[in-house]
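Contents: one structure, followed by commentary.
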Amino acid sequence: MRRPDTPEEAAFRADVRAWLEAHAKRCGGADDWSLGPRDHSEAAEREYYERMRAWQRALFEGGWAAITWAPEHGGRGGTPAQALIFAEEQAAFDVTNGYLDAAISLVGPALIRFGNDDQRGRYLERMLRGDDVWCQLFSEPEAGSDLAALRTRAVLKDDDFVINGQKVWTTSGQHADFGFLLARTDPDVPKHDGISFLLLDMRQPGVEARPLLTMKGDRHFSEVFFTDARTPRDNLVNGMGGGWEVAKFVLMHEGASIGTLRARGTRTADLAREAQASGRFEDAGVRQRLGATFVEERVLELLQDRLRGAILDGRRPDVDGSVLKILWGEGGFRKAETANWLRGADALLAGSDAPDQGLWQEQMLGRSAGTVGGGTSEVHRNGLGERALGLPREARPDRHEAFKDLKTSGS
């Protein structure tokens with residue numbers, strides 16, 4: 002059961018809603034950009050980025066950017082409860098800060114926690130104002146779930162790190178102004194110990210970002226190649242070899258934030274009404290699939306509400322972000338399967354002239370990524386086993402072995 006707002010929270014919610022009503026329009030209609038570009042064309046993607054930057058600038062000027070950040074870092078100095086209320090209200094409007102969220106929710110907190118005053122002064126206000134788009138440069142062809150096996154090298158020469166290697170599945174890499182990069186700076190120590198966290202100018206000649214075409218037709222991922230790219234030593238965060246500590250902090254925020262998203266779109270009740278209208282609800286198999294989907298949907302909502310209540314009450318959440326991430330990814334995929342199964346051939350059509358403008362085909366093709374992005378379900382289950390169930394950690398025979406001596410598929 003959702004906890005009702007306190008009088009103070011209700012007053013804050015009213016202020017938020019009034020500001021949003023004055024500066025944005027509510028979702029609905031054909032011209033709705035809140036879920037991303039209207040189509041997969043380059044023109045639509047460019048327009049989406051301009052809208053995204055403009056909205057972020059409006060948030061900054063209105064004092065709503067990074068509500069929980071301290072005022073000295075450009076934030077509002079608010080509470081997690083206030084940030085949650087703002088997110089709930091904003092979800093009803095046709096606005097988004099889209100891929101800028103990589104900066105505000107991931108690298109921004111990392112710089113506040115691990116960065117120095119110079120780094121915070123150079124980057125934080127610009128990201129809050131929407132001046133810079135950032136991307137996360139972590140995954141590699143040979144380092145996904147085992148991220149610490151990354152092979153991109155950064156060698157310190159004079160006062161610059163010289164970077165060579167490749168990253169993949171980089172969201173917004175081709176549009177980014179800056180990236181936050183994990184690179185190996187010392188191959189002579191165990192793999193987790195030789196990684197450093199660097200900030201990098203993505204517009205330099207030594208960086209090439211190639212868009213990747215996904216099976217649903219978009220190009221928001223890219224693969225990034227570094228050929229003698231450079232970044233000054235001043236862009237090293239948390240010292241040489243301190244990158245894994247920062248990476249864990251960033252990944253914790255990423256997985257939890259993905260799991261706590263409340264998906265917009267068709268609910269199981271809507272699917273049940275469609276089945277009743279078409280006569281398919283009389284089929285026991287249809288009712289069974291809808292029932293299973295409804296249970297998963299409600300369990301996720303109830304866990305999200307429990308997490309919401311803890312945040313509003315200022316308590317430590319007792320809902321593990323990994324549980325939410327698994328349910329969100331796997332449950333969302335099963336709901337997309339059910340929706341497409343019920344709609345039949347109509348769900349296979351794509352394009353603006355298809356039913357629902359091809360939403361269902363795109364949802365089916367894209368929803369499987371929810372079980373991978375932000376950490377695979379398998380990785381999150383391993384973490385739950387260790388954290389929640391007290392199971393022994395997975396054996397790591399390479400724990401004390403120098404990275405250069407490891408045998409890998411990329412060796």
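Residues in the sequence shown are numbered from 2 upward in steps of one, following the numbering used here.
Yeah, the Cβ is synthetic: ideal placement off N, Cα and C, and Gly gets one too.
So which of Ser35, Glu126, Asp314, Asp161 has the shortest CA-CA distance to Glu62? Sequence index remark: in the sequence shown, residue 62 carries index 61 (1-based). Just measuring C-alpha positions, the residue of Ser35, Glu126, Asp314, Asp161 sitting nearest Glu62 is Glu126.
Across the stretch 298-313 and the stretch 274-283, are there enough close Cβ pairs to call them in contact, namely three or more that are closer than 8 Å? Not touching, per the Cβ criterion.
For the ligand COA, I want to know if Val169 counts as a neighbour, meaning its beta carbon is within less than 7 Å of at least one of the ligand's heavy atoms. For the structure depicted, the ligand COA is absent and the ligand set is empty, with no information on it obtainable.
Start and end residues, alpha helix (DSSP H) containing Leu301: To locate residue 301, count along the sequence shown from 1; it is residue 300. 285-313 is the extent of the alpha helix (DSSP H) around Leu301.
Euclidean distance between Cα positions of Pro212 and Glu363: The residue you call residue 212 lines up with position 211 of the sequence shown. The residue you call residue 363 lines up with position 362 of the sequence shown. Straight-line Cα distance between these residues: approximately 18 Å.
I'd like to check one pair, Val251 with Val225: are the Cβ atoms closer than 8 Å? As a first step, residue 225 is located in the sequence shown; it is residue number 224 there, counting from the start. As a first step, residue 251 is located in the sequence shown; it is residue number 250 there, counting from the start. No, the pair does not count as a contact, with Cβ atoms beyond the cut-off.
Does the contact criterion of 3 or more C-beta pairs under 8 Å hold for the stretch 339-348 versus the stretch 381-392? The stretch 339-348 vs the stretch 381-392: no contact.
Counting along the chain, where does the alpha helix (DSSP H) carrying Gly109 start and finish? For the purposes of this step, residue 109 is taken as residue 108 along the sequence shown, with counting starting at 1. DSSP places Gly109 inside the alpha helix (DSSP H), whose first and last residues are 109-115.
Tell me the residue span of the beta strand (DSSP E) that contains Pro212. As a working mapping, residue 212 is identified with position 211 in the sequence shown. That run of the beta strand (DSSP E) goes 208-213.
Three-state secondary structure (DSSP) of Thr261: Along the sequence shown, one-based indexing puts residue 261 at 260. Only weak support is given to the placement of Thr261: the predicted model assigns it a pLDDT of 47, under 50, and the value that follows is read from those uncertain coordinates. The three-state secondary structure of Thr261, taken from DSSP, is coil.
Closest Cα partner of Ala150 within the set Leu183, Asp132, Gln120, Val238: In the sequence shown, residue 150 corresponds to position 149, counting from 1. Nearest C-alpha to Ala150 among Leu183, Asp132, Gln120, Val238: Leu183.
Considering only their Cβ atoms, is the gap separating Ala403 from Arg423 smaller than 8 Å? In the structure as shown, the chain starts at 2 and stops at 412, and residue 423 therefore has no counterpart that could be examined.
For the beta strand (DSSP E) that contains Asn383, what are its first and last residues? Stepping through the sequence shown from its first residue, residue 383 is reached at position 382. Per DSSP, Asn383 belongs to no beta strand (DSSP E); it is in the alpha helix (DSSP H), 378-388.
Roughly how far, in whole angstroms, is the beta-carbon of Ala104 from the beta-carbon of Trp135, given that I think they are within contact range, below 8 Å? Start at 1 with the first residue of the sequence shown, and residue 104 comes out as number 103. Start at 1 with the first residue of the sequence shown, and residue 135 comes out as number 134. So it is a contact: roughly 4 Å between Cβ atoms.
Backbone CA spacing between Lys168 and Arg388 [nearest angstrom]: Position 167 of the sequence shown holds residue 168. Position 387 of the sequence shown holds residue 388. Near 30 Å, if we compare the C-alpha coordinates of Arg388 and Lys168.
Pairwise C-alpha distance: Asn236 and Ala413: There is simply no residue 413 to check, as the chain begins at 2 and stops at 412 in what is shown.
Neighbour-count burial assignment, Leu313, 16 or more Cβ in a 10 Å radius: Your numbering for residue 313 matches position 312 in the sequence shown. Leu313 comes out buried.
Let me know the secondary structure DSSP gives Glu143 once reduced to three states. Counting from one through the sequence shown, the residue named residue 143 turns up at place 142. Correct three-state label for Glu143: coil.
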